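One structure below.
In the working numbering, the protein residues as written are 2 to 162.
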């Protein structure tokens with residue numbers, strides 16, 4: 002059975018994303034979280050530029066308007082680089098596994114915040130999914146202790162970040 006190159010790329014993406022928490026935890030005491038974030042995205046940018054160049058897609062980038070560039074840069078700085086720097090800073094004060102769980106619970110957090118601030122409707126299936134998700138996350142974050150001790154944990158600062 003021949004595996005397509007797209008599956009290999011997908012596998013490499015999953016491996017890169019899943020190991021970032023462990024790698025950062027190992028090197029965070031020797032480096033700055035912002036510097037680590039910059040290095041991570043510098044490498045990703047080089048790989049992406051090589052991909053775009055080899056696929057002859059550079060001309061498509063010229064069709065993006067200036068307003069779109071401003072929006073892309075703003076989102077890149079706040080949503081990607083900013084989030085990554087804060088995440089790496091948080092990993093300094095908590096475990097790699099807990100930070101991975103918190104980071105991957107983003108869909109739950111976004112659903113609740115979208116309901117509260119954007120007044121988005123939640124169907125009963127969405128509410129059930131959110132409840133089940135939090136039922137799974139809370140015991141892990143409490144590290145097997147009383148969930149009310151969660152807010153007095155020595156890792157609380159890192160968990161919040």
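Glycine included, C-beta positions come from ideal geometry on N, C-alpha and C.
The structure presented is a predicted model; accordingly, all values stated were derived computationally and were not measured.
Determine the direct distance from the alpha carbon of residue j to that of residue i, and round the result to whole angstroms.
i, j, result
"residue 88", "residue 121", "27 Å"
"residue 58", "residue 38", "26 Å"
"residue 26", "residue 12", "22 Å"
"residue 83", "residue 34", "10 Å"
"residue 107", "residue 6", "29 Å"
"residue 56", "residue 64", "16 Å"
Any idea what DSSP makes of residue i, helix, strand or coil?
i, result
"residue 137", "helix"
"residue 94", "coil"
"residue 1", "This structure gives no information on residue 1, because the portion of the chain shown stretches from 2 to 162."
"residue 63", "coil"
"residue 85", "helix"
"residue 26", "helix"
"residue 72", "helix"
"residue 121", "coil"
"residue 39", "helix"
"residue 55", "helix"
"residue 6", "helix"
Between residue i and residue j, which are expected to be in contact by the criterion C-beta below 8 Å, what is the C-beta distance as a whole number of angstroms?
i, j, result
"residue 141", "residue 93", "Between residue 93 and residue 141 the Cβ distance is about 20 Å, and since that is not below 8 Å, they are no contact."
Can at least three beta-carbon pairs, one atom from the segment 91-106 and one from the segment 60-80, be found at a separation below 8 Å?
no
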